[in-house]
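In my numbering, the protein residues as written are 26 to 149.
Heads up, the beta-carbon is just placed ideally off N, CA and C, and yes, glycines get one too.
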């Protein structure tokens, strides 16, 4: 399941790179967010997630970024722009889901190691 999500994120990123940037959105700010930066930041976070876990600062940044879409998306009046940024949001949300899964896997591994150490200590 984890690998499938990574593959899906890579596919979304490829689709994103193939899509033309919405006309008129360069230099545009919606709900206080620069649309070029919103796009670039989303892609950058997704790329880092593909490479490995985020540090705490980046994890917080990704969380703020995904929350920003709640304000931005309803305010986009352009049909293509709304479709484009919905895809960008979905990419960022999937990156955040992958991070959550990665954390859970690491936590489960840590719990297993702790249990093994306790069992070994009890028998040793």
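Own chain, CB closer than 7 Å to residue i, minus 5 neighbours either side, in chain order
{"i": "residue 101", "result": "55, 107, 110"}
DSSP beta-bridge partners of residue i
{"i": "residue 7", "result": "A query on residue 7 cannot be resolved here, the shown segment of the chain reaching from 26 to 149 and no further."}
{"i": "residue 54", "result": "59"}
Reduced DSSP category for residue i - H, G, I as helix; E, B as strand; rest coil
{"i": "residue 101", "result": "coil"}
{"i": "residue 128", "result": "helix"}
{"i": "residue 59", "result": "strand"}
{"i": "residue 31", "result": "helix"}
{"i": "residue 94", "result": "helix"}
{"i": "residue 116", "result": "helix"}
Candidates the options: closest to residue i by CA position
{"i": "residue 43", "options": "68, 77, 79", "result": "68"}
{"i": "residue 83", "options": "34, 121, 52", "result": "121"}
{"i": "residue 39", "options": "75, 48, 61, 50", "result": "75"}
{"i": "residue 32", "options": "97, 72, 93, 96", "result": "72"}
Cutoff 8 Å; reference residue i; Cβ partners in own chain excluding five residues on either side
{"i": "residue 30", "result": "119, 122, 123, 126"}
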